[in-house]
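Structure record follows, encoded as structure tokens.
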Amino acid sequence: MNKIPVWIDTDTGVDDAVALVTASTLEELEIVGVSAVAGNTSLENAFRNARDVLSLVGRKDIRVYPGADRPLIIEGRTAAYVHGNNGLGGAEIPLSDAPQETKKAWDALYETAQQYKGELIVCPIGPLTNIAIAIANHPDIVDCIKELNIMGGALIGGNITPCAEFNILCDPQAAEAVFRSGIRINMFGLDVTHKAFLNDDDIDEIISYGNMVSDLFRDSNHLLYEYRAQLHWEGICEHDSCPILYIAHPDWFEGQECGIYVETQGTISFGKTVSDLWTDYKYEDRHCKAFLNVDRVKFTERIKEAYRSF
Ligand code: RIB
Ligand code: CA
Numbered sequence: 009m010n011k012i013p014v015w016i017d018t019d020t021g022v023d024d025a026v027a028l029v030t031a032s033t034l035e036e037l038e039i040v041g042v043s044a045v046a047g048n049t050s051l052e053n054a055f056r057n058a059r060d061v062l063s064l065v066g067r068k069d070i071r072v073y074p075g076a077d078r079p080l081i082i083e084g085r086t087a088a089y090v091h092g093n094n095g096l097g098g099a100e101i102p103l104s105d106a107p108q109e110t111k112k113a114w115d116a117l118y119e120t121a122q123q124y125k126g127e128l129i130v131c132p133i134g135p136l137t138n139i140a141i142a143i144a145n146h147p148d149i150v151d152c153i154k155e156l157n158i159m160g161g162a163l164i165g166g167n168i169t170p171c172a173e174f175n176i177l178c179d180p181q182a183a184e185a186v187f188r189s190g191i192r193i194n195m196f197g198l199d200v201t202h203k204a205f206l207n208d209d210d211i212d213e214i215i216s217y218g219n220m221v222s223d224l225f226r227d228s229n230h231l232l233y234e235y236r237a238q239l240h241w242e243g244i245c246e247h248d249s250c251p252i253l254y255i256a257h258p259d260w261f262e263g264q265e266c267g268i269y270v271e272t273q274g275t276i277s278f279g280k281t282v283s284d285l286w287t288d289y290k291y292e293d294r295h296c297k298a299f300l301n302v303d304r305v306k307f308t309e310r311i312k313e314a315y316r317s318f
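The numbering of the sequence shown is the working numbering, which starts it at 9 and goes up by one.
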């Protein structure tokens, strides 16, 4: 089987770690590179966490590149209340002894995109700062990337403000540059990721596997358990696994073609992903697909299969 080349750009928090673990077990994918960006946690933590999680799952052969330590224009923010001060909820895992890459994420991504000649799928699961810088520094990258499977945004609502989702709100100017770049975008916003949750039985089952990777899941998700209880959610959302599992199992997801742009001037609406999906007015340029539904059982079963395999 020809594996699908995939690049993951991550702000390596708790759900990012689940996405990396799951991605490492998908035989349909070849992870050809990972890059770190500041978001959930500092760049330093995101870079180290990505390296250490990949090492934990036996994939320290996958190179991890450092990216942006702050947004393009606005002040950075983190989400320590969910991801802890170290990005993994305070969980400690062995440090990777893989050589540390020093090449910047945007340059490594560009070189890899050129190598895969239009076949590379890029999965940004954190703020879009690295992707925006790659486009600015290497404009022809837009012709080298097959599509961007983005975890970010929301057609309805938000999680940090009533209008904005965390990854987009962290760097709206970067997000707007990416959405205007012309690269084909599959957007996995809160509309679908809020349906992609592990319920209590799923959580208990993963913890019951008792291996080092499931122990990381157990030890890193405790703040999310508390956060979810406060919001009376049915479970913990695995936002970042959506764009990853879509590549291997597109039939588990439902979406609709639309145009999407990012509000960078508003106050209340700052960071909102504005879609023409449900309006008479349609943008001229409609190169996005916004995902709205997922087969939760198949989605969660595949994540559990990943954690069972270690
Ligand atoms: O809003 C959810 C997104 O913000 C996820 O990518 C999570 O890791 C955080 O970065
Ligand atoms: Ca993330």
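Note that CB positions come from ideal geometry on N, CA and C, so glycine has one too.
Terminal residues of the alpha helix (DSSP H) in which residue i lies
i	result
Gln264	Gln264 -> not in any alpha helix (DSSP H); beta strand (DSSP E) instead, spanning Phe261 to Cys266.
Lys203	Taken as a continuous stretch (DSSP letters only), Lys203 belongs to no alpha helix (DSSP H), as it is neither H nor E.
Met9	Neither: Met9 is in no alpha helix (DSSP H) and is coded neither H nor E.
Ile193	Here Ile193 belongs to no alpha helix (DSSP H); instead the beta strand (DSSP E) covers Ile193 to Phe196.
Arg85	Careful: Arg85 lies outside any alpha helix (DSSP H) and carries neither H nor E.
Phe174	Phe174 to Cys178
Gln123	Ala113 to Gln123
His230	His230 to Gln238
Simplified DSSP assignment, three categories, for residue i
i	result
Pro74	strand
Phe375	Any answer about residue 375 is impossible in this case: the structure gives the chain only from 9 up to 318.
Asn145	helix
Ala31	helix
Pro132	strand
Val305	helix
Val65	coil
Thr137	helix
Phe225	helix
Asp60	helix
Pro79	coil
Tyr315	helix
Ala106	coil
Tyr217	coil
Pro6	Nothing about residue 6 can be read from this structure; the chain reaches only from 9 to 318.
Arg310	helix
Ala162	coil
Glu36	coil
Ile252	helix
Ala46	coil
Ala182	helix
Nearest to residue i (by Cα), restricted to the options the options
i	options	result
Asp60	Gly134, Leu34 and Ala25	Ala25
Cys266	Ala298, Asp208, Leu253 and Ser249	Ala298
Val150	Leu117, Pro180, Leu177 and Ala31	Leu117
Ile214	Ala121, Ser50 and Phe318	Phe318
Ile311	Ala256, Asn157 and Asp105	Ala256
Gly197	Leu64, Asn219 and Gln264	Gln264
Lys80	Asp69, Asn138 and Phe187	The sequence shown places Leu at residue 80, rather than the Lys named in the question. Among Asp69, Asn138 and Phe187, the Cα nearest to that of Leu80 belongs to Asn138.
Met9	Val22, Asp179, Ser228 and Glu35	Glu35
Gly160	Lys154, Pro180 and Cys152	Pro180
Ile164	Pro13, Glu173 and Ser216	Glu173
Gly166	Ser104, Arg304 and Ile276	Ile276
Span of the beta strand (DSSP E), counted from its first residue to its last, around residue i
i	result
Lys154	Ile153 to Met159
Residue i - partner residues in DSSP beta bridges
i	result
Gly41	Trp15
Val282	Tyr269
Ala298	Met195 and Gln264
Cys245	Phe205
Cβ-heavy atom distance, residue i to ligand 3, below 7 Å
i	result
Asp179	This structure does not include ligand 3; its bound ligands are ligand 1 and ligand 2.
Q | By C-beta, the residues closer than 7 Å to any heavy atom of ligand 2, given in chain order | A | Qualifying residues, in the order they occur: Thr18, Asp19, Gly21, Asp23, Asp24, Gly47, Asn48, Ile133, Gly134, Met159, Asn175, His247 and Asp248.
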